[in-house]
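Data first, discussion second: the structure below is written as structure tokens.
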Amino acid sequence: MKKQYSVLKENSNKDGVILENKKGYKVKPKNKVFYEGIKVNEVTIVDEKMIQKVIKRKIKTQLNKYLRIVESDDEDGARIALDDLSRYRKKIGKKYKKYLQEEYISLIRKKMGIIEQELKKKVKQIDEEKETHHTR
340 MKKQYSVLKE NSNKDGVILE NKKGYKVKPK NKVFYEGIKV NEVTIVDEKM IQKVIKRKIK
400 TQLNKYLRIV ESDDEDGARI ALDDLSRYRK KIGKKYKKYL QEEYISLIRK KMGIIEQELK
460 KKVKQIDEEK ETHHTR
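Just so we're aligned, residue 340 is where the sequence shown starts under the working numbering, counting upward by one.
Put into structure tokens, the structure is as follows:
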């Protein structure tokens, strides 16, 4: 069963609620859906379970991007993804550490290690293919 969250507009004179002192995970919405009179620049999630779900979804999406690059024939994409993967690994260790369990972080690091090995193999294979084409 999926949980749904709704924002309800009450009849009041307030333009919005400012939660500057509220601690949580801040997200900038990516969808550009226009609602008349409503503009959302940033959302702060305070529920710990929801924070974990959002972060896990972000990580899963990013790992799937790396996997697609491993499976594709893109030469430059593999090199860029290899650099980006090491940066993303550090980001997970620093930014998401306070929201996620250590077991999950170590699991993600293992997955990233496997993806990194595959990307390195791919880059090496591409370099070897270039060398054989140049020697002919």
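Glycine included, every Cβ here is placed at the ideal spot set by N, Cα and C.
Quick caveat: nothing in here was measured; it's all calculated off a predicted structure.
- Around the beta carbon of residue 461, 16 or more other beta carbons lie within 10 angstroms, which makes this residue buried.
- Residues of the same chain with a CB within less than 7 Å of the CB of residue 450, apart from the 5 flanking positions on each side, are 402 in chain order.
- Between the stretch 388 to 398 and the stretch 421 to 439, the count of Cβ pairs shorter than 8 Å is three or higher; the stretches touch.
- Contact between residue 458 and residue 420 is confirmed by a C-beta separation of about 6 Å, below the 8 Å threshold.
- In the DSSP assignment, residue 384 falls within the beta strand (DSSP E) that extends over 382 to 384.
- A direct Cα-Cα distance of roughly 32 Å separates residue 368 from residue 414.
- In the three-state reduction of the DSSP assignment, residue 365 falls in the strand class.
- Residue 424 has its alpha-carbon roughly 12 Å from the corresponding atom of residue 416.
- DSSP, read as helix, strand or coil, puts residue 443 in helix.
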